[in-house]
Amino acid sequence: MRHGTDIGLEFNEFSKNYTSDMQRCVPHYMDLLESFVKFLPRDFSPETVLDLGCGNGNTTARLLSRFPEASYTLVDASAEMISLCRKQFSDFRMSYENTYFQDFDFKKSAYDLVVAGFSLHHCDDKEKRSIFSKIHMSLKKGGLFLYSDLMISKNSPEHPKLLEEWGGFVNSNFPDGEKWEWVMEHYEQFDKPSDLKEQLDWLKLAGFTEVDIPYRDGHWVFLRARK
Ligand SMILES: C[S@@+](CC[C@H](N)C(=O)[O-])C[C@H]1O[C@@H](n2cnc3c(N)ncnc32)[C@H](O)[C@@H]1O
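Mapping of the sequence shown onto full-length UniProt numbering: position 113 corresponds to residue 113, and the numbering continues sequentially without gaps.
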């Protein structure tokens, strides 16, 4: 990935109007984002949090509203995204890693909570499997992995229908059709979504015993896995 189409550079560009673009280009973005706090177990209070693909910090910002005292590690390939996070989170316990997931040093049993919001679909099947194992290894016992994304393979027979509905959503927000064209160019070049069912199998293989899906609308999914 790093040597061909560079995801970090792509998101440097995307960072300019990121939240507004996500809301209008990604169906259910806000519901999926809110899920990261809405579906936390009541008695769960993490001291250490890892945000994989933090982007401009939308997921971490939600978690900070509940857990301002926790220590956060934010990982992203985009220097611009990391810089947006640095600006808004200067009052909190943060560390930043401007790197690729594939190069990130996952420490053993280091985190109570690992989150990945719309970031792992940039990794292919093999990379996802490897990252799931690393996430499992880096969680403390009883720790949670929360993950939202588009979960359907491009080879699925349901994929054409997904694109049709998704295109309808984007075109309703940007009627001239140019944004949908841009979304599809990005999707072709950078997005490698995987089927939900396969990912559930990979999570089990990685060692997660309890996995559930608190929110789902079609192939837009929020899932929760406990170590
Ligand atoms: C669609 S954004 C999601 C940002 C945020 N989590 C959210 O939910 O709004 C995906 C982010 O993941 C980062 N990313 C994607 N693939 C990555 C990789 N292999 N290594 C590190 N960062 C990656 C991108 O740079 C981008 O900032």
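Where is the CB? At the ideal position from N, CA and C, for every residue including glycine.
- Taking all protein chains in view, the Cβ of residue 95 is surrounded by fewer than 16 other Cβ atoms within 10 Å, so the residue is classified as exposed.
- Distance check between residue 67 and each of 87, 77, 37 and 82 places 37 closest, using alpha-carbon atoms only.
- Taking one beta carbon from each stretch, the segment 132 to 148 and the segment 162 to 170 have fewer than 3 pairs nearer than 8 Å; the two do not touch.
- Annotated three-state conformation of residue 160 is helix, per DSSP.
- In summary, residue 205 is exposed, with fewer than 16 beta-carbon neighbours lying within 10 Å of its beta-carbon over all protein chains present.
- One alpha carbon belongs to residue 183, the other to residue 18, and they sit about 13 Å apart.
- Inclusion of residue 152 and residue 193 in the CB contact set at 9 Å is warranted, their separation being smaller than that value.
- Per DSSP, reduced to three states, the secondary structure at residue 225 is strand.
- Closer than 8 Å to some heavy atom of ligand 1: that describes the Cβ of residue 10.
- The straight-line gap separating the alpha-carbon atoms of residue 223 and residue 113 is approximately 13 Å.
- Between residue 117 and residue 226, the gap from beta carbon to beta carbon reaches 9 Å or more.
- Short note on residue 138: C-beta not closer than 8 Å to any heavy atom of ligand 1.
- Between residue 57 and residue 75, the CB-CB gap reaches or exceeds 9 Å.
- Residue environment analysis places residue 34 among the exposed positions, since fewer than 16 neighbouring C-beta atoms fall within 10 angstroms of its C-beta.
- Residues 137 and 138 of the same chain have their beta carbon placed closer than 7 Å to that of residue 108, with the five preceding and five following residues left out of the count.
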